[in-house]
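**Q**
2 protein chains.
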Amino acid sequence: MLTRATLTNDGRTIELGWEDGTRCRFHAIWLRDNALDDKTRSAGNGQRLITILDIPAETHIGATSMKGDALEVTFVPEGKTVSFPVQWLRANAYDRDEPRQPGWTGDVIQRWTKATMQNSVPRASYAAAFHGRGILREWLSAVRTYGFAVMDGLPAESGALCKVADLFGYIRETNYGRWFEVRAEVNPNNLAYTNLGLQAHTDNPYRDPVPTLQILACIENTVEGGESSVVDGFAVAAALQGENPDGFRLLSSNPARFEYAGSSGVRLQSKRPMIELGPDGELICIRFNNRSLAPTVDVPFAEMDGYYAAYRRFAELIEDPAFEVTFKLEAGQSFIVDNTRVMHARKAFSGIGKRWLQGCYADKDGLLSTLAAIEHDFREAAE
Amino acid sequence: MLTRATLTNDGRTIELGWEDGTRCRFHAIWLRDNALDDKTRSAGNGQRLITILDIPAETHIGATSMKGDALEVTFVPEGKTVSFPVQWLRANAYDRDEPRQPGWTGDVIQRWTKATMQNSVPRASYAAAFHGRGILREWLSAVRTYGFAVMDGLPAESGALCKVADLFGYIRETNYGRWFEVRAEVNPNNLAYTNLGLQAHTDNPYRDPVPTLQILACIENTVEGGESSVVDGFAVAAALQGENPDGFRLLSSNPARFEYAGSSGVRLQSKRPMIELGPDGELICIRFNNRSLAPTVDVPFAEMDGYYAAYRRFAELIEDPAFEVTFKLEAGQSFIVDNTRVMHARKAFSGIGKRWLQGCYADKDGLLSTLAAIEHDFREAAE
């Protein structure tokens with residue numbers, strides 16, 4: 001319960017105190033900009049109806065009062081009184097003192113290794129996820145938390161992988177098509193279309209924006225070998241940072257370059273770091289792909305040796321079986337990876353039998369939006 | 001002409017000297033990783049065939065010799081000799097000393113204002129761009145350089161805007177569809193679907209990854225008002241930085257939050273800065289949208305006042321007519337914006353007559369790839 005509201009700094013800030021001793025300050029301009037009344041925000045769609053320029057720069061709080069579960073605030077010079085639910089104020093409090101180490105991730109992310117994941121791979125059947133919103137929620141939530149999940153029970157036929165994307169969002173079409181074939185070819189324009197093993201990698205780092213999700217579905221897999229594996233790039237990055245903080249700094253503070261020009265009419269290029277941090281140090285994207293890494297030309301000469309040593313160590317950790325979770329896709333099985341986090345690999349396979357997979361890309365905005373909407377509906381139904 | 005190659009640091013580095021006095025150092029490990037021979041890179045598709053772990057950590061250069069226009073380098077302990085064209089070495093040199101101010105952009109980007117752009121809006125007719133690769137190249141190049149361009153001569157019919165995307169890449173489908181209607185509605189779920197003016201903004205900052213291109217095409221426009229305008233976010237950001245470097249720092253070093261939940265089943269959220277810099281300080285993305293800006297909860301309390309002052313000033317500059325280029329779309333006209341850079345706005349319009357636009361999203365990877373491929377073909381044809 002809110003027990004105290006004190007104007008400070010001539011009403012440019014307000015300090016709130018709760019029964020449990022929590023103390024929390026807000027700025028008048030922040031409160032005014034985020035006012036919840038229907039002149040400030042559309043009651044229908046929640047969008048803000050005013051711009052920052054509609055709010056006087058000298059805005060401060062003239063008066064305040066507690067009314068039940070809400071705080072009423074009168075803004076001067078507008079003379080406008082707005083009610084803020086106390087619960088909303090707590091949920092949106094920004095007056096925190098949390099120094100964070102670069103590379104941090106939010107609570108929703110759980111890093112994993114072979115030891116913690118090999119026997120508990122998140123998995124759902126397509127029919128169950130299609131018909132059950134609770135099942136779909138769990139499966140999408142696993143993708144958010146762990147960065148990958150398996151889906152069983154698809155038709156073992158061309159294009160079936162699109163059904164997976166349809167569960168939550170939209171396919172990202174590229175020069176490879178809405179989806180593409182992954183099977184051994186005689187003159188492949190991409191090494192993925194051979195029977196060679198592929199080092200764990202993220203897909204298409206040469207594309208900006210990078211596809212943030214990839215789905216791979218199996219139509220036939222009767223070869224020797226050809227298992228799939230996944231590696232948690234966030235876990236590997238943390239391991240690198242633990243043993244070599246300066247190496248982590250070098251890979252996150254210098255851009256790499258990636259390129260692909262394997263097909264006629266296609267010359268893709270990007271400039272992004274292997275380990276991308278947000279401006280507040282949050283770990284937001286891993287890009288790792290030996291095949292498409294272009295010459296690194298943005299690292300200062302004096303740091304290049306250290307950069308290469310860090311890149312080598314990052315690669316060693318990615319190859320470490322302790323980080324690798326392996327499974328063999330059977331016909332009708334698929335998996336999805338968060339391509340900003342989880343690397344995938346393929347073991348070499350022999351020419352006897354057939355291995356026919358299809359792949360496609362999609363984006364996380366749709367997946368996370370669908371998950372948030374289901375979670376919202378479930379909460380509303382529970383209340 | 002290369003005149004000197006000196007091994008330094010026990011062959012871990014090499015120093016090259018040119019006739020014109022240019023001096024340039026390379027690391028042995030960098031040269032080995034970027035070797036151009038067909039054991040290192042696929043002759044067919046250019047992809048790297050080896051990983052960093054295939055290269056000994058102790059790699060150094062044992063011997064070197066100049067052979068015509070190439071430098072031959074023998075790597076120890078592999079005993080492998082690789083030839084590097086001198087031209088390639090110059091093009092990929094990384095031994096530079098270029099301290100850059102945060103917010104820099106490459107030579108390919110030209111910032112503009114009303115004074116420099118209002119009378120020279122880049123423009124092509126659809127038929128000319130469809131049939132002429134030179135015209136298409138110029139139009140795509142304008143999008144790369146200026147962040148927007150107009151296209152005339154589309155059929156004034158539903159879906160015609162997809163033809164523009166087909167010229168260079170692929171539509172990004174979202175919850176709004178492959179394309180969406182922009183016309184006044186009675187109960188709109190988005191303020192874009194009213195006759196109100198819209199402050200200059202980038203689209204969908206609540207989506208991560210953000211759509212990097214937007215196309216808006218006009219099918220009918222017989223209202224009073226309803227002009228379109230565009231503002232170069234990179235020019236405005238530079239202006240802000242010029243007068244208020246600390247404000248620029250605050251907007252680029254702190255994430256903002258954006259959200260949209262106007263339709264059932266959709267709850268989009270993102271956390272990205274209004275001014276996004278790469279790890280080397282390159283200006284890479286502007287996000288600005290008063291309607292979908294969520295409460296800012298990632299700015300330290302002590303910096304919130306300064307952050308809001310910078311946000312206000314950024315908004316004032318964006319509204320400054322000196323940055324605004326205006327045109328009125330007629331039926332069959334469209335324009336494209338680089339949604340990571342150029343903001344667009346709409347003037348209010350009256351209810352007399354009809355204003356019917358359609359919009360869609362696409363991505364820059366395809367546009368820049370198509371442009372690079374055309375440029376490559378033209379260079380090859382010229383040689």
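Those protein sequence lines, which keep their order, are chains Z and D. In this text, residue positions in the first sequence follow full-length UniProt numbering: the first is 1, and each later residue adds one. In this text, residue positions in the second sequence follow full-length UniProt numbering: the first is 1, and each later residue adds one. Yeah, the Cβ is synthetic: ideal placement off N, Cα and C, and Gly gets one too.
1) Counting pairs of beta carbons, one from the region 321-328 of chain D and one from the region 41-50 of chain Z, are three or more of them closer than 8 Å?
2) Here's the rule: buried if 16 or more other CB atoms are within 10 angstroms of the residue's CB, otherwise exposed. What is D:P255?
3) Taking three-plus beta-carbon pairs below 8 Å as touching, is the region 89-106 of chain Z in contact with the region 136-156 of chain Z?
4) Is it true that the CB of Z:A35 sits closer than 9 Å to the CB of Z:I14?
5) Since Z:T212 meets chain D, which of its residues come closer than 9 Å, beta carbon to beta carbon?
6) Excluding five sequence neighbours on each side, which residues of the same chain lie with their C-beta closer than 6 Å to the C-beta of Z:A200?
7) Looking only at its chain, what residues have a beta carbon closer than 6 Å to the beta carbon of D:A261, apart from the 5 residues adjacent to it on each side?
8) Taking only three categories from DSSP, how would you classify D:F314?
9) For a contact defined as C-beta to C-beta under 8 Å, what are the partners of D:G47 on chain Z?
10) Counting beta carbon pairs with one atom in the region 358-378 of chain D and one in the region 266-285 of chain Z, are three or more of them shorter than 8 Å?
11) Please name the residues in the region 336-370 of chain Z whose beta-carbon is closer than 8 Å to at least one beta-carbon of chain D, in chain order.
12) From D:R178 to D:L154, what distance separates their C-alpha atoms?
13) Nearest-angstrom Cα distance between Z:R12 and Z:D37?
14) Is Z:L367 near the ligand PLP, in the sense that its beta carbon is under 8 Å from a heavy atom of that ligand?
15) Could you tell me whether the Cβ of D:V297 comes closer than 9 Å to any Cβ of chain Z?
16) Ordered along the chain, which non-local residues of its own chain (more than five positions away) have a Cβ less than 8 Å from that of residue 385 of chain Z?
17) Here's the rule: buried if 16 or more other CB atoms are within 10 angstroms of the residue's CB, otherwise exposed. What is Z:I352?
18) Determine the chain D residues that contact Z:D203 at a beta-carbon separation under 8 Å, and present them in chain order.
19) So Z:S125 packs on Z:D152, CB below 8 Å; how close in whole Å?
20) Is any beta-carbon of chain Z found at less than 9 Å from that of D:Q269?
21) Nearest-angstrom Cα distance between Z:T81 and D:E276?
22) Find the residues of chain Z that neighbour D:R25, judging by a C-beta separation of less than 8 Å, and give them in chain order.
23) Assuming D:R287 and D:M304 form a contact by the criterion Cβ under 8 Å, report the distance between their Cβ atoms to the nearest whole angstrom.
24) For D:E173, count neighbouring Cβ atoms within 10 angstroms of its own Cβ and tell me buried if that reaches 16, exposed if not.
25) With distance defined between alpha-carbon atoms, name the residue in Z:D320, Z:R111, Z:A362 and Z:A294 nearest to Z:F234.
26) Applying the 10 Å Cβ sphere with the 16-neighbour rule, what's the burial state of D:P209?
27) For D:T8, collect the residues of the same chain with a Cβ closer than 8 Å to its Cβ; drop the 5 residues on either side in sequence, then sort them by chain order.
28) Among Z:F130, Z:F148, Z:N204 and Z:A93, which residue has its Cα nearest to the Cα of Z:S120?
29) By the DSSP assignment, the beta strand (DSSP E) with D:P245 in it spans what residues?
30) Determine the extent of the beta strand (DSSP E) in which D:K67 is found, giving its start and end residues.
31) Which residues of the region 240-251 of chain Z have a Cβ closer than 7 Å to any Cβ of chain D? Give them in chain order.
32) I'd like to confirm the pairing. Which residues does DSSP put opposite Z:N221 in its beta bridges?
33) Would you call Z:G242 buried or exposed, if buried means 16 or more other Cβ atoms sit within 10 Å of its Cβ?
34) Who does D:L7 pair with in a DSSP beta bridge?
35) When DSSP labels each residue in this structure, what does Z:I51 get in the three-state scheme?
36) Ends of the alpha helix (DSSP H) at D:I29?
**A** Answer, in terms of the structure:
1) Result no; under three Cβ-Cβ pairs closer than 8 Å.
2) By 1-based counting over the second sequence, the position of residue 255 of chain D is 255. D:P255 comes out buried.
3) no
4) One-based indexing of the first sequence puts residue 14 of chain Z at position 14. One-based indexing of the first sequence puts residue 35 of chain Z at position 35. No. Outside cutoff.
5) One-based indexing of the first sequence puts residue 212 of chain Z at position 212. In chain order: D208 and P209.
6) Translated into the one-based positions of the first sequence, residue 200 of chain Z becomes position 200. Answer for Z:A200: V231, I318, M343 and A345, listed in chain order.
7) On the second sequence, residue 261 of chain D is found 261 positions in, with the first residue counted as 1. Here the set comprises R267.
8) On the second sequence, residue 314 of chain D is found 314 positions in, with the first residue counted as 1. Helix.
9) For the purposes of this step, residue 47 of chain D is taken as the residue at position 47 of the second sequence. It should be noted that the sequence gives Gln, not Gly, for residue 47 of chain D. Those are N190, L191, Y260, G262, R291 and S292, listed as they occur along chain Z.
10) yes
11) D363, K364, D365, G366, L368, S369 and T370
12) Taking the second sequence and counting its residues from 1, one reaches residue 178 of chain D at position 178. Taking the second sequence and counting its residues from 1, one reaches residue 154 of chain D at position 154. When rounded, the distance between both Cα atoms is 18 Å.
13) For the purposes of this step, residue 12 of chain Z is identified with residue 12 of the first sequence, where counting begins at 1. For the purposes of this step, residue 37 of chain Z is identified with residue 37 of the first sequence, where counting begins at 1. Taking the straight line joining both Cα atoms gives about 20 Å.
14) Because no ligand of any kind appears in the structure shown, any question about the ligand PLP cannot be addressed here.
15) The residue given as residue 297 of chain D occupies position 297 in the second sequence. Yes, D:V297 lies at the interface with chain Z (some Cβ there is under 9 Å from its Cβ).
16) In this structure chain Z extends from 1 to 383, so residue 385 of chain Z is not present and cannot be described.
17) As a working note, residue 352 of chain Z is residue 352 in the first sequence. It counts as exposed.
18) As a position in the first sequence, residue 203 of chain Z is number 203, starting the count at 1. What Z:D203 touches in chain D: nothing, since even the nearest Cβ is about 13 Å away.
19) Here residue 125 of chain Z refers to the residue found at position 125 when the first sequence is read from its first residue. Here residue 152 of chain Z refers to the residue found at position 152 when the first sequence is read from its first residue. Correct: roughly 5 Å between the Cβ atoms.
20) Reading the second sequence from its first residue, position 269 is the one you call residue 269 of chain D. True, the Cβ-Cβ gap to chain Z drops below 9 Å.
21) The count along the first sequence starts at 1 and reaches residue 81 of chain Z at position 81. The count along the second sequence starts at 1 and reaches residue 276 of chain D at position 276. Distance between the alpha carbons of Z:T81 and D:E276: 35 Å.
22) Here residue 25 of chain D refers to the residue found at position 25 of the second sequence. Correct list: F301.
23) Mapped onto the second sequence, residue 287 of chain D falls at position 287. Mapped onto the second sequence, residue 304 of chain D falls at position 304. With a Cβ gap of about 19 Å, D:R287 and D:M304 do not count as contacting.
24) Numbered from its first residue, the second sequence carries residue 173 of chain D at position 173. Burial call: buried.
25) Position 234 of the first sequence, counted from the start, is the residue given in the question as residue 234 of chain Z. The shortest C-alpha separation from Z:F234 is found at Z:R111.
26) Along the second sequence, one-based indexing puts residue 209 of chain D at 209. D:P209 is buried by the Cβ-count criterion.
27) Locating residue 8 of chain D in the second sequence gives position 8, where the first residue counts as 1. If the five residues before and after D:T8 are omitted, its C-beta is found closer than 8 Å to the C-beta atoms of I14, E15 and R25, all from its own chain and listed in chain order.
28) As a working mapping, residue 120 of chain Z is identified with position 120 in the first sequence. Comparing Cα-Cα distances from Z:S120 to each of Z:F130, Z:F148, Z:N204 and Z:A93, the minimum goes to Z:F148.
29) On the second sequence, position 245 is the one that residue 245 of chain D refers to. No beta strand (DSSP E) holds D:P245; the alpha helix (DSSP H) holding it covers P245 to S253.
30) Within the second sequence, numbered from 1, the residue matching residue 67 of chain D stands at position 67. Counting along the chain, the beta strand (DSSP E) containing D:K67 begins and ends at H60 to K67.
31) none
32) Within the first sequence, the letter at position 221 stands for residue 221 of chain Z. DSSP output for Z:N221 lists Z:R355 as bridge partner(s).
33) Numbered from 1 along the first sequence, position 242 holds the residue referred to as residue 242 of chain Z. Flag for Z:G242 reads exposed.
34) Here residue 7 of chain D refers to the residue found at position 7 of the second sequence. D:I14, per the DSSP bridge assignment.
35) As a first step, residue 51 of chain Z must be located in the first sequence, where it is residue number 51. The identity of residue 51 of chain Z in the sequence shown is Thr, whereas the question assumes Ile. Correct three-state label for Z:T51: coil.
36) Translated into positions along the second sequence, residue 29 of chain D becomes position 29. Where D:I29 is concerned, the enclosing alpha helix (DSSP H) stretches over A28 to D33.
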